[in-house]
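**Student:** So that we are looking at the same thing, I have put the structure below in structure tokens.
2 protein chains.
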Amino acid sequence: MKKIQLLIICLLSATITLSWAQSQDNAEMVRQVYDEILLRGEAYDNLRSLCKDVGGRVSGSPEAAAAVEWGRQLMQQYGFDSVFLQPVMVPHWVRGKQEVGRIVNSKKLGTHEVNITALGNAVGTGDKGVLAEVVEVHTFEELADLGESKVKGKIVFFNRPMDQTQIQTGAAYGLAGNQRRGGPSEAAKYGAVGTIVRSLSTAFDDYPHTGSTVYSFNIPKIPAVAISTNDADLLSDILKEEPNLSFYFETHCQMLDDVLSYNVVGELRGSEYPEEYIVVGGHLDSWDLAEGAHDDGAGVVHSIEVLRALKAMNYQPKRTLRTVLFMNEENGLAGGKKYAELAEENNENHLAAIESDAGGFTPRGFSLDVSEIAYEQIQSWKPLFASYDLHKFDRGGSGADISALKPQGVELLGLRPDSQRYFDMHHSELDVFEIVNRRELLLGAAAMTSLVYLIDQHGLSSSTSSSAGTER
Amino acid sequence: MKKIQLLIICLLSATITLSWAQSQDNAEMVRQVYDEILLRGEAYDNLRSLCKDVGGRVSGSPEAAAAVEWGRQLMQQYGFDSVFLQPVMVPHWVRGKQEVGRIVNSKKLGTHEVNITALGNAVGTGDKGVLAEVVEVHTFEELADLGESKVKGKIVFFNRPMDQTQIQTGAAYGLAGNQRRGGPSEAAKYGAVGTIVRSLSTAFDDYPHTGSTVYSFNIPKIPAVAISTNDADLLSDILKEEPNLSFYFETHCQMLDDVLSYNVVGELRGSEYPEEYIVVGGHLDSWDLAEGAHDDGAGVVHSIEVLRALKAMNYQPKRTLRTVLFMNEENGLAGGKKYAELAEENNENHLAAIESDAGGFTPRGFSLDVSEIAYEQIQSWKPLFASYDLHKFDRGGSGADISALKPQGVELLGLRPDSQRYFDMHHSELDVFEIVNRRELLLGAAAMTSLVYLIDQHGLSSSTSSSAGTER
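Quick mapping for you: the protein sequence lines, in order, are chains E and P. So the first sequence is numbered by the numbering used here: it starts at 1 and just counts up by one. So the second sequence is numbered by the numbering used here: it starts at 1 and just counts up by one.
Right under this line is the structure:
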């Protein structure tokens, strides 16, 4: 009996020692990752190049083609084990000439120019423009209550602001977003001839914010613009006094034929389980009004930095690590869908995918769209991140590009930077390199790299993984 | 026996219900605070006014006098129960004409202008300037090793960078700070004729960062400047090839006679324990190179917003709440010392003081320089803050202005915003209104207001408090 007790004690202390040593190793490696990236990180310089040498890069544009080549060459220069392109057909929407928007014949203002921008994927008015009375609504219900009699032949103005009391601005974006995505078709149902949508912005300023709209099947496609928050407030104020006010706008955007484009993939091959993949990704396309610095240049350079840093540290991954620069997140998700399709076709076993598509701000943690067992495993890593100011490891959506991998049982995670500033500049001309902070950007890359290291070392207890779970 | 059991159960459930109800009340009030400030907060507009109408405001300057009047009038307009000034004599340092700094007769660069700024409180060179060979060091030890033989008659160049691997930039500032504060006197010990200090900045750019230096007693005061990080790197590179390089600089700063200035105090009187004070404060003075937007305009408008919001919500405080705008934090701490002196003189029982002097960035939590029992009490409030992204309630320094209250046993707390961007602009010409984000600023005010509410309601279990502890 005593011998058995002794054996148990020995085994127990061996286990404790081992897991202590393992957690020491983990902590040390995380520290090394942060040191490498904070001292020698290249994400900030790479972002400058993507923003200044390539610039805004809407799917199908020459700039998007340049971005593909930029990403391919950069990852090749870093000497990743392989770098390849995944062909994918993408929509090709072009903005054309600068938009014109004006309040017409106001008693108070006369003819008054306002700041608008065409919504992505929208049809244009052409040179003839749209001129009509404006009817303001805040919800689809309000629109339905007005009905065809009060909407037909008019421009519908959706003016529900983002809710400032939401602490996570992403939640406020979600609550206001249906106006931009579904508003034009909803208005067209009742015979509207155009749509003005209040910019999905947390700021009060003169910058209109674009973003894609989605026309419903079998409903006439009507032109649609976003208006700056300041001008939305102005328009709303004037409408209170002059309800029969007319508005004119002119957009020259159009949807052209689909274009061949690419996801760009770089990988470091795994030494023990090369057939298991861990993906880090962001989207390479952006809107055209600025440089797509936070959205999603940050995610692109974060994802490249993960593999660059690990390689620079001479780290030998157990699993195959992939940086994926997805094409066409903004107005179609064709790249994300194609990636998932090919993963299935090629029988690739994807353990986990981590997306960075919420900006290059100081990181707060990760959102987890994962199985219960993976959730528990990730929670056990929280102490490793506490001194790096990462404290949020909550359930939540991960990222649009990787979401198509969900049906394959892939564990999905999203970098969650602080959200306060994101929607001030999102999809507007303010999203340029200069507003990205070097340390904030690098810390995001370090957080992702650390997490990839932990998943690579210990697996993730997913049902789809052959090797994981045993090594937790 | 059964009756006693029943009684115990009843008492227990009453207690549970009560504490549940109390925590519901707390949570509801915190939510109301956030709603008030995120929807109707005035801190951002107030900051614009302080930055644009008053501007930079070094102690003793006309702008500092304007800031005093600005604060007094603003708090009077808000209708606080009383608003008053506390006279205090402050140092009056003036920068004078623009500095000149140049590398002289470099073989590689010829004569090359660099970006410098005089350190606060430093003596000037006057028109004659200082021209001497440069000797570069990184630590005081290195300087001591060189000794008088290699330092006498030279300009000492302190070039130890802020440590980028520190996650909290304040820690890196602490580690590098002795070069600026003590460097000039340390160099003068060995006969140096001037000092150049690498700017205490996390950025790599062309902006020099000022900040006060402190001359030691009985050691000659020598002129001292900060050099931008880019030019520090340039100078260091050139020195490697040309160790006998000369440097010229000219500063026109001087210390004038002390000037009468003021702390500005506004208060809402307590209804139950008016003789117990809770202070929220920031410092009203700033450096002169910019507008003191983050340092410490943010703290000023945060502290005013706390009382404004509670008053606007018709909240009746139990204790007396005070907003204190301290004068002269940057180069003397005269205001903080005077406040503590008067508190003691007037036998004021200060329960707690909360300072905001780390910028208007997205808040992470509070640092706590408090008794064990207050520490535990504050930890019990953490769940109330979790959904507002406040997660750090750790021991640490609170704020320079309130530190003089420590000997009176006051519980000291400091707002801890995210630190990543602070030292990019701190004490440089970049610290202007435009780099402050509205939501981030308002969230800081909401965090402070919520904490003040909790302390006011429940007391703080300090040894100096008569009422607290019983109500936890």
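A virtual CB, placed ideally from N, CA and C, is assigned to each residue, including glycine.
Would you identify the three-state DSSP class for Leu460 (chain P), choosing helix, strand or coil?
**Tutor:** Taking the second sequence and counting its residues from 1, one reaches residue 460 (chain P) at position 460. Leu460 (chain P) falls in the coil class under three-state DSSP.
**Student:** Can you give me the Cβ contacts of Ala67 (chain E) inside the same chain, cut-off strictly under 6 Å, excluding the 5 residues immediately before and after it?
**Tutor:** Against the first sequence, residue 67 (chain E) aligns to sequence position 67. Cβ within range, chain order: Val54, Arg57, Leu284.
**Student:** Consider the Cβ of Glu474 (chain P): report whether some Cβ of chain E lies at a distance smaller than 7 Å.
**Tutor:** Chain P is shown only over 1 to 472; residue 474 (chain P) falls outside these bounds and no answer can be derived.
**Student:** Have a look at Asn349 (chain E) and Asn263 (chain E) and give me their C-alpha separation to the nearest angstrom.
**Tutor:** Translated into the one-based positions of the first sequence, residue 349 (chain E) becomes position 349. Translated into the one-based positions of the first sequence, residue 263 (chain E) becomes position 263. C-alpha separation (whole angstroms): 19 Å.
**Student:** Could you confirm whether any beta carbon from chain P is found closer than 7 Å to the beta carbon of Thr213 (chain E)?
**Tutor:** Residue numbering aside, residue 213 (chain E) sits at position 213 when the first sequence is read from its first letter. It does not: the Cβ of Thr213 (chain E) has no partner Cβ on chain P nearer than 7 Å.
**Student:** With a threshold of 7 Å between beta carbons, is Gln164 (chain P) in contact with chain E?
**Tutor:** Within the second sequence, residue 164 (chain P) is the residue found at index 164, counting from 1. Interface residue, yes.
**Student:** Along the stretch 383-414 of chain P, what residues have a CB closer than 7 Å to any CB found in chain E?
**Tutor:** Ser387, Tyr388, Asp389, His391
**Student:** For Tyr173 (chain E), return the contacting residues in chain P, with the cut-off set at a CB-CB distance below 9 Å.
**Tutor:** The count along the first sequence starts at 1 and reaches residue 173 (chain E) at position 173. Per Cβ cutoff of 9 Å: no residues; Tyr173 (chain E) is ~13 Å from chain P at best.
**Student:** With a threshold of 7 Å between beta carbons, is Gln474 (chain E) in contact with chain P?
**Tutor:** Chain E is shown only over 1 to 472; residue 474 (chain E) falls outside these bounds and no answer can be derived.
**Student:** So with CB distances below 8 Å, who are the chain E contacts of Thr210 (chain P)?
**Tutor:** Here residue 210 (chain P) corresponds to residue number 210 of the second sequence, with the count starting at 1. For Thr210 (chain P), no chain E residue has a C-beta closer than 8 Å to its own C-beta; the minimum C-beta separation is roughly 21 Å.
**Student:** Rounding to the nearest angstrom, what Cα-Cα distance links Leu451 (chain E) and Ile37 (chain E) in this structure?
**Tutor:** For the purposes of this step, residue 451 (chain E) is taken as the residue at position 451 of the first sequence. For the purposes of this step, residue 37 (chain E) is taken as the residue at position 37 of the first sequence. Rounded to whole angstroms, Leu451 (chain E) to Ile37 (chain E) spans 14 Å at the Cα level.
**Student:** What residues of chain E sit near Gln32 (chain P), judged by a beta carbon separation below 9 Å?
**Tutor:** Sequence index remark: in the second sequence, residue 32 (chain P) carries index 32 (1-based). Chain E residues near Gln32 (chain P): none, gap ~10 Å exceeds 9 Å.
**Student:** Could you check the C-alpha separation between His426 (chain E) and Ala358 (chain P) for me, to the nearest Å?
**Tutor:** Working through the first sequence from its first residue, we reach residue 426 (chain E) at position 426. Working through the second sequence from its first residue, we reach residue 358 (chain P) at position 358. Straight-line Cα distance between these residues: approximately 27 Å.
**Student:** Quick check for students: name the residue ranges of the beta strand (DSSP E) that lie wholly in the stretch 244-312 of chain E, counting only runs of 3 or more.
**Tutor:** 246-250, 254-268, 273-283
**Student:** Counting only Cβ pairs nearer than 8 Å, list the residues of chain E close to Glu440 (chain P).
**Tutor:** On the second sequence, residue 440 (chain P) is found 440 positions in, with the first residue counted as 1. The contacting residues are Gln420, Arg421.
**Student:** How close, in whole Å, do the beta carbons of Val280 (chain P) and Phe249 (chain P) come, if the pair is a contact with beta carbons under 8 Å?
**Tutor:** Indexing the second sequence from 1 puts residue 280 (chain P) at position 280. Indexing the second sequence from 1 puts residue 249 (chain P) at position 249. So it is not a contact: roughly 41 Å between Cβ atoms.
**Student:** Distance cutoff 7 Å, beta carbons only. Does Asp127 (chain P) sit that close to anything in chain E?
**Tutor:** Along the second sequence, read from residue 1 onward, the residue named residue 127 (chain P) stands at position 127. Closer than 7 Å: no.
**Student:** Expressed to the nearest angstrom, what Euclidean distance is found between the alpha-carbon atoms of Ala65 (chain E) and Gly396 (chain E)?
**Tutor:** Along the first sequence, read from residue 1 onward, the residue named residue 65 (chain E) stands at position 65. Along the first sequence, read from residue 1 onward, the residue named residue 396 (chain E) stands at position 396. Roughly 33 Å separates the two Cα atoms.
**Student:** Kindly indicate which residue of E:Leu268, E:Arg102, E:Glu440 has the alpha-carbon position closest to the one of Tyr453 (chain E).
**Tutor:** Stepping through the first sequence from its first residue, residue 453 (chain E) is reached at position 453. The closest CA to that of Tyr453 (chain E), considering only E:Leu268, E:Arg102, E:Glu440, is found on E:Leu268.
**Student:** Between Ile167 (chain E) and chain P, is the shortest Cβ-Cβ distance under 7 Å, so that the two count as touching?
**Tutor:** Taking the first sequence and counting its residues from 1, one reaches residue 167 (chain E) at position 167. Ile167 (chain E) counts as touching chain P.
**Student:** Could you tell me which residues DSSP pairs with Ile116 (chain E) in its beta bridges?
**Tutor:** Counting from one through the first sequence, the residue named residue 116 (chain E) turns up at place 116. Its beta-bridge partners are E:Ile227.
**Student:** Are the stretch 419-437 of chain P and the stretch 154-174 of chain P in contact at 8 Å, needing three or more beta carbon pairs?
**Tutor:** Judged by pairs of C-beta atoms under 8 Å, the stretch 419-437 of chain P touches the stretch 154-174 of chain P, as three or more such pairs exist.
**Student:** Based on DSSP bridge pairs, tell me the residues matched to Gly56 (chain E).
**Tutor:** The residue given as residue 56 (chain E) occupies position 56 in the first sequence. In DSSP, Gly56 (chain E) forms no bridge with anything.
**Student:** Under a three-way DSSP split, which group does Asp35 (chain P) fall into?
**Tutor:** Locating residue 35 (chain P) in the second sequence gives position 35, counting from the first residue. Reduced to three states, the DSSP call for Asp35 (chain P) is helix.
**Student:** If I follow the unbroken alpha helix (DSSP H) through Val151 (chain E), where does it start and stop?
**Tutor:** On the first sequence, residue 151 (chain E) is found 151 positions in, with the first residue counted as 1. Start and end: 140-151.
**Student:** Using C-beta distances below 6 Å, list every residue in its chain close to Ile455 (chain E), excluding the 5 sequence neighbours before and after it, in chain order.
**Tutor:** Looking up residue 455 (chain E) in the first sequence gives position 455. The residues are Ile278, Ala352.
**Student:** Can you say whether Ser466 (chain P) is buried or exposed, counting buried as having 16 or more other CB atoms within 10 angstroms of its CB?
**Tutor:** Within the second sequence, residue 466 (chain P) is the residue found at index 466, counting from 1. Note that Ser466 (chain P) has pLDDT 47, beneath the 50 cutoff, so the model's placement of it is unreliable and no number is given.
**Student:** Report all residues from its chain with a CB closer than 6 Å to the CB of Val370 (chain P); omit the five preceding and five following residues, and keep chain order.
**Tutor:** Along the second sequence, one-based indexing puts residue 370 (chain P) at 370. Correct list, in chain order: Glu411.
**Student:** Are Asp424 (chain E) and Thr202 (chain E) close, meaning C-beta to C-beta below 7 Å?
**Tutor:** What you label residue 424 (chain E) is simply residue 424 of the first sequence in a count that begins at 1. What you label residue 202 (chain E) is simply residue 202 of the first sequence in a count that begins at 1. Result yes, Cβ atoms of Asp424 (chain E) and Thr202 (chain E) sit closer than 7 Å.
**Student:** Return the first residue and the last residue of the alpha helix (DSSP H) that Lys338 (chain E) is part of.
**Tutor:** Numbered from 1 along the first sequence, position 338 holds the residue referred to as residue 338 (chain E). That run of the alpha helix (DSSP H) goes 334-345.
**Student:** How many whole angstroms separate the CB atoms of Gly124 (chain E) and Thr251 (chain E), which I take to be in contact at a CB cut-off of 8 Å?
**Tutor:** Start at 1 with the first residue of the first sequence, and residue 124 (chain E) comes out as number 124. Start at 1 with the first residue of the first sequence, and residue 251 (chain E) comes out as number 251. Their Cβ separation, rounded to whole angstroms, is 4 Å, which keeps Gly124 (chain E) and Thr251 (chain E) in contact under 8 Å.
**Student:** So, helix, strand or coil for Ile167 (chain E), using DSSP?
**Tutor:** As a first step, residue 167 (chain E) is located in the first sequence; it is residue number 167 there, counting from the start. Of the three classes helix, strand and coil, the one that applies to Ile167 (chain E) here is coil, per DSSP.
**Student:** Could you name the residues of chain P that Leu310 (chain E) contacts, counting a contact when the two beta carbons are closer than 8 Å?
**Tutor:** Translated into positions along the first sequence, residue 310 (chain E) becomes position 310. The premise fails here: Leu310 (chain E) is roughly 18 Å from chain P at the closest Cβ pair, so nothing lies under 8 Å.
**Student:** Roughly how many angstroms separate the alpha carbons of Thr210 (chain P) and Ser199 (chain P), rounded to a whole number?
**Tutor:** Translated into positions along the second sequence, residue 210 (chain P) becomes position 210. Translated into positions along the second sequence, residue 199 (chain P) becomes position 199. Rounded to the nearest whole angstrom, the C-alpha separation of Thr210 (chain P) and Ser199 (chain P) is 7 Å.
**Student:** Short check: CB of Pro223 (chain E) to CB of Val137 (chain E), under 7 Å?
**Tutor:** In the first sequence, counting from the first residue as 1, residue 223 (chain E) sits at position 223. In the first sequence, counting from the first residue as 1, residue 137 (chain E) sits at position 137. Taking 7 Å as the Cβ cut-off, Pro223 (chain E) and Val137 (chain E) do not qualify as a contacting pair.
**Student:** Between P:Lys337, P:Arg439, P:Arg31, which has its C-alpha nearest Ala298 (chain P)'s C-alpha?
**Tutor:** For this step, residue 298 (chain P) is matched to residue 298 along the second sequence. Ala298 (chain P) has its Cα closest to that of P:Arg439, out of P:Lys337, P:Arg439, P:Arg31.
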